[in-house]
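2 protein chains.
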Amino acid sequence: MDIKVLNRKQLEEILEMPAVIEGVKAVYEAKAEGGTAVWPLVEHHFPELKAVTDVRSGAVMGDVNVHGLKMLNNFPGNAGTEFPVFGGMLMVFDSTNGAPLGIMDASYITCMRTGAAGGISAALFSRKDAKTLMILGAGRQSIYQIGAALLLMPGIKKLVVCDPLSPDGANGYVEALPGNLKTQLNVERPDVEMIAEPDVQKAVGQADTIITITPSRTPVIKKEWVKPGTHFSCIGADMIGKEEIDPEIFRGARVFCDDIDQCCRVGETEIPFKTGVIAKEQIAGEIGQVLNGMIPGRTDDEQITVFDATGLAPLDLVTAKAAVQLAKEKGLGLTAEL
Amino acid sequence: MDIKVLNRKQLEEILEMPAVIEGVKAVYEAKAEGGTAVWPLVEHHFPELKAVTDVRSGAVMGDVNVHGLKMLNNFPGNAGTEFPVFGGMLMVFDSTNGAPLGIMDASYITCMRTGAAGGISAALFSRKDAKTLMILGAGRQSIYQIGAALLLMPGIKKLVVCDPLSPDGANGYVEALPGNLKTQLNVERPDVEMIAEPDVQKAVGQADTIITITPSRTPVIKKEWVKPGTHFSCIGADMIGKEEIDPEIFRGARVFCDDIDQCCRVGETEIPFKTGVIAKEQIAGEIGQVLNGMIPGRTDDEQITVFDATGLAPLDLVTAKAAVQLAKEKGLGLTAEL
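As they're listed, the protein sequences go chains X and W.
The first sequence begins at -7 in the numbering used here and counts up by one.
The second sequence begins at -7 in the numbering used here and counts up by one.
So, in structure tokens, the structure goes:
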């Protein structure tokens, strides 16, 4: 059996955001109809190193028909060394016969499918006339959020980037952004004014759509700053204790999840759920149900909407399968006989 | 970062049983001192295909200092196709920095470390004067059990192989055995008489040491057949419902496990434990405690001893790390830049 072994550089060449977006949408829709499986998360901490490793596994049934997993390693002590702080590997198998299809670097797959999740949800739940997109967080994950959102939201004319960790830092980020969007994601939006905003409150006050992509453990955005009709795509919180926005924003908002149970356990919804601000029954539903037309998304222009994404192994697997197919077509990557 | 990608054929060239035995012993000893971690097992069934996939992950601390996992696929419908019924892949990471070390076929690693477990336990718990070794099961796993036991037990002069699924089948197996032991495992024991025995009762009655390595779900060996002083290494049962020997054999026996909790959940100990034949407190301990000298093994020559092995991810990881090192030294396997 020949399988593909793909490193990050090859995946950067192979994967394109529009294809990843299609795969992520297909998985969300399949999930709404019971066509995906998410298996129990395994998480382990290395206390002395402040490091954490986790294993996310699952399956996509139907035409995709794959199962597999990724093991991610977050070793903050690697900063400044030759080893990445955030790395890991993914393996994907054909569920018709259990044969391996490919092994690959997991970090780029994760970045791309997470960007796609942010972009799809922002386009789906924002007001139709949304013009201003705010991104909270100017770390390495942000560009994938921005790229996917700008691909899917032609109505956006202004992008405001806030870096709560270093308010001035977003200046350099925004300056390099048009070039990076072009070279890394093939996204060109000269019609969009891009600014860095050191004052988070000021940024929130003008935003129609807010994507949060920070590792924050205390709320950065207060409820009283938010104007009616704002949509939040909360992407950063994916572990117990992480939160980016005021739990009070959930009160009265129309809330969607990628997976309701997982979001109540480890997502942005965790704290509002555990403190009783929102009950599970008050969550409108999962994004796949909206994409499928099973439930409505935003129901009026004044409503606050929140989408909480915690990440699903099936998103990685569908993206990995696409990468293997594209690698074969393009003759890229290493082929190993296994 | 360069990592090794190793397929089964390369692993067959690279790994040698004595080195695997050393690694398995070291892991058992480390476990007794808290130097290993076994993370929660993930298991998924594909009911339509009668297939099952599982993920076993964990870590070995100390000098070995690795973590990782294997995903095993058991697809019985593959019989007679180009795809293996039993396959899977393993990934191992350096726990000092989370960097990947290697990716490899998991089936051969599993065979070798399982053989080592059987051999180590048989040598450790059998009477010092044990002369007759019985192997229950003549499937693809048996040769690794036989090879490791014959390496570690020079006193064995007779080997009796029983195949409960096809009593005659063991004839051909035994005929080819000396040659296969030599070519596959570099084990030569011309001093050992090797016979196939169609009558399980007759085989049990003459055995000093019995290794069971079948996928049985009903007991094959009855208590009344067993002579005093017999040792059992029960290797086959590693999932809920599997059992190879009469639960009554556990009554009054001195019982050891590779991992007490896991054996009570999914091992040969499962049924005796769940039916109250043996309580957890009546289990003597784990094999690593005996290897370490923390508790005694067999305490008299008339005693029945039982060792139950369910398999531990750390055994795979230590073997995988050794394979990567040997592959580098021997210049074998594919090198991938990840």
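C-beta: ideal position from N, C-alpha, C; glycine also.
| query | result |
| --- | --- |
| Cutoff 8 Å: D251/X Cβ touching any chain W Cβ | no |
| N-terminal and C-terminal residue of the alpha helix (DSSP H) that K320/W is part of | 305 to 322 |
| Through-space distance from T175/X to G323/X, alpha-carbon basis | 21 Å |
| Closest residue to P146/X among E189/X, T124/X, V166/X, S99/X (Cα-Cα distance) | T124/X |
| D230/X burial status per 10 Å Cβ neighbour count (16 or more: buried) | buried |
| Reduced DSSP secondary structure (H/G/I, E/B, other) of F117/W | helix |
| Cross-strand partners of I187/W (DSSP beta bridge) | V152/W |
| Proximal residues to A314/W (C-beta, below 8 Å), its chain only, five neighbours per side dropped | L7, A11, V12, G15 |
| Cβ-based burial, I287/W [other Cβ within 10 Å; buried from 16] | exposed |
| For V212/X and L116/X, the rounded distance between their alpha carbons | 24 Å |
| Chain-order list of residues whose beta-carbon lies under 6 Å from that of G69/X (same chain, five-residue window excluded) | L41 |
| Extent of the continuous alpha helix (DSSP H) run through N5/X | Note that residue 5/X corresponds to Glu in the displayed sequence, not to Asn. Taken as a continuous stretch (DSSP letters only), the alpha helix (DSSP H) holding E5/X covers 0 to 6. |
| Cβ neighbour criterion (16 or more within 10 Å) applied to T261/W | buried |
| Burial state of R209/W, where buried means 16 or more other Cβ atoms lie within 10 Å | exposed |
| Given 8 Å, three or more beta-carbon pairs between the segment 28 to 41 of chain W and the segment 288 to 303 of chain W | no |
| Same chain only: Cβ atoms within 7 Å of Q193/W, ignoring 5 sequence neighbours per side | W217 |
| Pick from D238/W, I252/W, G280/W that is closest to T267/W, judged by C-alpha positions | D238/W |
| Span separating the alpha-carbon of N89/W from that of L177/X | 29 Å |
| G79/W - containing beta strand (DSSP E), residue span | 78 to 86 |
| Own chain, CB closer than 8 Å to V58/W, minus 5 neighbours either side, in chain order | A51, V52, V84, F85, D86, S87, L93, L309, V310, A312, K313 |
| Near-chain X residues of the segment 49 to 69 of chain W - C-beta to any C-beta below 8 Å | S49, A51, H59, G60, L61, M63, N65, N66, F67, G69 |
| Min CB distance P92/X to chain W below 8 Å | yes |
| Presumed contact (8 Å Cβ cut-off) between G228/X and V(-3)/X, rounded CB distance | G228/X to V(-3)/X, Cβ: 30 Å. No contact. |
| Proximity winner among K150/X, Q198/X, K215/X, K120/X, relative to I187/X (alpha-carbon distances) | K150/X |
| Distance between P182/X and E335/X (C-alpha atoms, nearest Å) | This structure cannot speak to residue 335/X, because chain X is shown only from -7 to 330. |
| Chain-order list of residues whose beta-carbon lies under 7 Å from that of G197/X (same chain, five-residue window excluded) | W217, K219 |
| Pick from I296/X, T327/X, L318/X that is closest to R119/X, judged by C-alpha positions | I296/X |
| Span of the beta strand (DSSP E), counted from its first residue to its last, around I205/X | Unbroken run through I205/X: none, as it is neither H nor E. |
| Cross-strand partners of R246/X (DSSP beta bridge) | T297/X |
| Of the residues A328/W, V282/W, V316/W, G303/W, the one placed nearest G107/W, counting alpha carbons only | G303/W |
| Terminal residues of the alpha helix (DSSP H) in which I138/X lies | 134 to 144 |
| Under 8 Å by beta carbon: chain W residues contacting L326/X | V(-3), L326, A328 |
| Chain W within 8 Å of I6/X, Cβ atoms only | no |
| CB of I135/W within 8 Å of CB of N172/W, strictly | yes |
| Cα-Cα separation, I205/X to A130/X | 8 Å |
| Simplified DSSP assignment, three categories, for M286/X | coil |
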